[in-house]
DNA sequence: TATTGTTATACTCTATAACTATA
DNA sequence: TATAGTTATAGAGTATAACAATA
């Protein structure tokens, strides 16, 4: 972050358009960077609420999927089941979520949102939405709709639950 | 990956549209997931060439930025300078890149692409492009252009070098 | 016998602190 | 005195293996 001579900020000379590089200017790389940046931004916003982004995702899945097991949660999150244990532990300690034995299969823990959890989730959604709006500020409402639709089309084959349930 | 009854694949009942959730269906989350998925896909494609995605990025920056120092590389990659050491080490051992003392400031190591590095970079670009094409298959050429342009607009404020140099 | 959830352990990745050399 | 690069070390995050309860 110094202002010395040979740093990143400077000349804009040296070579034309890094953005023209087949990798650095590619849609894929931009997508990757965008994803990482949005992730960090949301993560930071969640910190103010004492949550991680993963916590928010757990609250979200729990809110939408009735009787969701930890197993299923692990699949949805794309996370090892052993990590889900700790995740749910943390949320349960704070009464945002509780484990309920599935009566039909008592091996399963259903992860269900508490009232407190629902309340905090509302706040978290608000914060996350604000971050997103700020992030997408350069785009018009119409453009955002187009962007979401395209991302949807691209991701649907990879996230089957986007279409089905 | 079992085919039991209560798993992810099944009913498509239980609740309408996970995609309507304010978080799980948001542009930001789709962006995040898309970025991660593309990243994994490229990472895997690079493995066949004995490279990591980071390796490819180093080769790319080295190809485009003349006299790039490790410091600058670390800023561009958004990576700690201590990590860059190992990265460059690995590439230098395989003669894909070499360190040259900057004559104007002999503290600086300029990371410069070798012929071998340029060759492998070409192959890597080919592979990465193929992955990307496959990834964006659901979109028309025109849509891809629009997508790239929108990502560009969104990322420009955060990656200053996208516009300048 | 197979599966869910759990714990304990090992491994990988990343960041921190301290050092050398240049400026 | 400050900066580029390096090394060694500690920490965080993740995966692996083994176990208990249930099916």
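Protein chains in written order, with my numbering: chain P, 1 to 165; chain U, 1 to 165. In this text, a Cβ means the ideal position worked out from N, Cα and C, and glycines have one as well.
Chain-order list of residues whose beta-carbon lies under 8 Å from that of residue i (same chain, five-residue window excluded)
{"i": "residue 15 of chain P", "result": "No answer about residue 15 of chain P holds up, because its pLDDT of 46 lies below 50 and its placement is not dependable."}
{"i": "residue 24 of chain P", "result": "18"}
{"i": "residue 90 of chain U", "result": "55"}
{"i": "residue 130 of chain U", "result": "45"}
{"i": "residue 162 of chain P", "result": "152, 155 and 156"}
{"i": "residue 120 of chain P", "result": "49, 51, 59 and 96"}
{"i": "residue 29 of chain P", "result": "23"}
8 Å Cβ cutoff, residue i in contact with chain P
{"i": "residue 144 of chain U", "result": "yes"}
{"i": "residue 6 of chain U", "result": "Low confidence applies to residue 6 of chain U: its pLDDT is 34, below 50, so where it sits in the model is not reliable, and the reading given next is rough at best. It does; some Cβ of chain P falls within 8 Å."}
{"i": "residue 138 of chain U", "result": "yes"}
{"i": "residue 52 of chain U", "result": "no"}
{"i": "residue 155 of chain U", "result": "yes"}
{"i": "residue 128 of chain U", "result": "yes"}
{"i": "residue 158 of chain U", "result": "yes"}
{"i": "residue 166 of chain U", "result": "Because residue 166 of chain U is not part of the residues shown, which for chain U are 1 to 165, the question remains open."}
{"i": "residue 151 of chain U", "result": "yes"}
{"i": "residue 56 of chain U", "result": "yes"}
One or two residues paired with residue i in a DSSP bridge
{"i": "residue 52 of chain P", "result": "Per DSSP, none; premise fails for residue 52 of chain P."}
{"i": "residue 33 of chain P", "result": "Residue 33 of chain P pairs with nothing; no bridge assigned."}
{"i": "residue 112 of chain P", "result": "P:98"}
{"i": "residue 74 of chain P", "result": "Its beta-bridge partners do not exist; DSSP assigns none."}
{"i": "residue 69 of chain U", "result": "U:110"}
is_contact[residue i, chain U] using C-beta, thresh 8 Å
{"i": "residue 15 of chain P", "result": "For residue 15 of chain P, the predicted model reports a pLDDT of 46, less than 50, meaning its position is unreliable; a value from the coordinates is still stated below. Yes - at least one Cβ of chain U is within 8 Å of the one on residue 15 of chain P."}
{"i": "residue 3 of chain P", "result": "Low per-residue confidence applies at residue 3 of chain P: pLDDT is 31, beneath 50, and the placement is therefore not dependable, though the value from the model is reported in the following sentence. Not closer than 8 Å to any Cβ of chain U, the Cβ of residue 3 of chain P fails to qualify, so no."}
{"i": "residue 117 of chain P", "result": "no"}
{"i": "residue 132 of chain P", "result": "yes"}
{"i": "residue 103 of chain P", "result": "no"}
{"i": "residue 39 of chain P", "result": "yes"}
{"i": "residue 148 of chain P", "result": "yes"}
{"i": "residue 114 of chain P", "result": "no"}
{"i": "residue 96 of chain P", "result": "no"}
{"i": "residue 64 of chain P", "result": "yes"}
{"i": "residue 107 of chain P", "result": "no"}
{"i": "residue 77 of chain P", "result": "no"}
{"i": "residue 162 of chain P", "result": "yes"}
Contacting residues, own chain, Cβ-Cβ under 6 Å from residue i (five flanking each side not counted)
{"i": "residue 127 of chain P", "result": "45"}
{"i": "residue 86 of chain P", "result": "none"}
{"i": "residue 78 of chain P", "result": "none"}
{"i": "residue 99 of chain U", "result": "109"}
{"i": "residue 50 of chain P", "result": "none"}
{"i": "residue 81 of chain U", "result": "74"}
{"i": "residue 20 of chain P", "result": "none"}
Close beta carbons around residue i, own chain, < 7 Å, minus the five adjacent residues each side
{"i": "residue 73 of chain U", "result": "58, 61, 84 and 111"}
{"i": "residue 158 of chain P", "result": "none"}
{"i": "residue 136 of chain P", "result": "144"}
{"i": "residue 114 of chain P", "result": "95, 96, 97 and 98"}
{"i": "residue 116 of chain P", "result": "95 and 96"}
{"i": "residue 92 of chain U", "result": "98 and 99"}
{"i": "residue 42 of chain P", "result": "53, 128 and 131"}
{"i": "residue 22 of chain U", "result": "none"}
{"i": "residue 139 of chain U", "result": "147"}
Legend entry - Within 7 Å of chain U by C-beta, residues of the region 18 to 35 of chain P in sequence order: 18, 19, 21, 22, 23, 24, 26, 27, 28, 30, 31, 32, 33, 34 and 35
Inset, instruction - Answer yes if the region 147 to 160 of chain U comes into contact with the region 139 to 152 of chain P, meaning at least three C-beta pairs across the two stretches below 8 Å, and no otherwise. - result: When Cβ pairs closer than 8 Å are counted between the two stretches, the region 139 to 152 of chain P is seen to touch the region 147 to 160 of chain U, the count reaching three or more.
Inset, instruction - Evaluate the contact criterion for the region 55 to 72 of chain U versus the region 32 to 40 of chain U: three or more CB pairs, one atom per stretch, below 8 Å. - result: no
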